[in-house]
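These notes are about the structure you will find just below.
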Amino acid sequence: MAVYKKLTGAGDTTILAKGSSGRSNISKILITNADASNATTIRLYIDDATNEYNIVNTKIPPLTSLVLEDNLKFNAAKYDLKINLSGAGYDITVIVQ
Numbered sequence: 025m026a027v028y029k030k031l032t033g034a035g036d037t038t039i040l041a042k043g044s045s046g047r048s049n050i051s052k053i054l055i056t057n058a059d060a061s062n063a064t065t066i067r068l069y070i071d072d073a074t075n076e077y078n079i080v081n082t083k084i085p086p087l088t089s090l091v092l093e094d095n096l097k098f099n100a101a102k103y104d105l106k107i108n109l110s111g112a113g114y115d116i117t118v119i120v121q
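At position 86 of the sequence shown the residue is numbered 110 (this note's numbering), and the sequence of numbers has no breaks.
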């Protein structure tokens, strides 16, 4: 089952909360910046409320997508999957499959 999130503002958002059923077998994450003129800096990470571990920290240019397909498995009972947006251009879509 896929998870779809539309993000329109800066700051942290939980994509998958710890304990979410069936979330330990993530095969792909698609992050799209639909803003026509502004890049957005994204930080995708897992968080156990004590420590944070970066998966990716990068700037996504306008009208561009980032696809992550390798090394995405984590203990979904222990970690939240979160994203942080900064910069400008907050028209971000995240799809987790």
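Think of the CB as a built atom: it goes at the ideal place given N, C-alpha and C, for glycine as much as any other residue. On a predicted model such as this, the values are computed, not experimentally measured, just so you know.
Report task. Going by CA-CA distance only, name the one from 42, 85, 73 and 76 that's closest to residue 64. Result -> 85
**Report entry** Extent of the continuous beta strand (DSSP E) run through residue 107
**Finding:** 104-111
Query raised in the report: So residue 97 and residue 49 are in contact, right, with Cβ under 8 Å, and what is the actual spacing, rounded?
Result: 7 Å
Report task. Could you have a look at residue 50 and say whether DSSP puts it in helix, strand or coil? Result -> coil
Query raised in the report: Which residues in the same chain as residue 34 place their Cβ atom closer than 6 Å to its Cβ, once the five residues preceding and following it in sequence are excluded?
Result: 109 and 110
Query - Status (buried if at least 16 other CB within 10 Å, exposed otherwise) for residue 87 - result: exposed
Report task. Using three-state DSSP, classify residue 61 as helix, strand or coil. Result -> coil
Query - Contact set for residue 43: own chain, Cβ-Cβ below 8 Å, skip 5 residues either direction - result: 100 and 101
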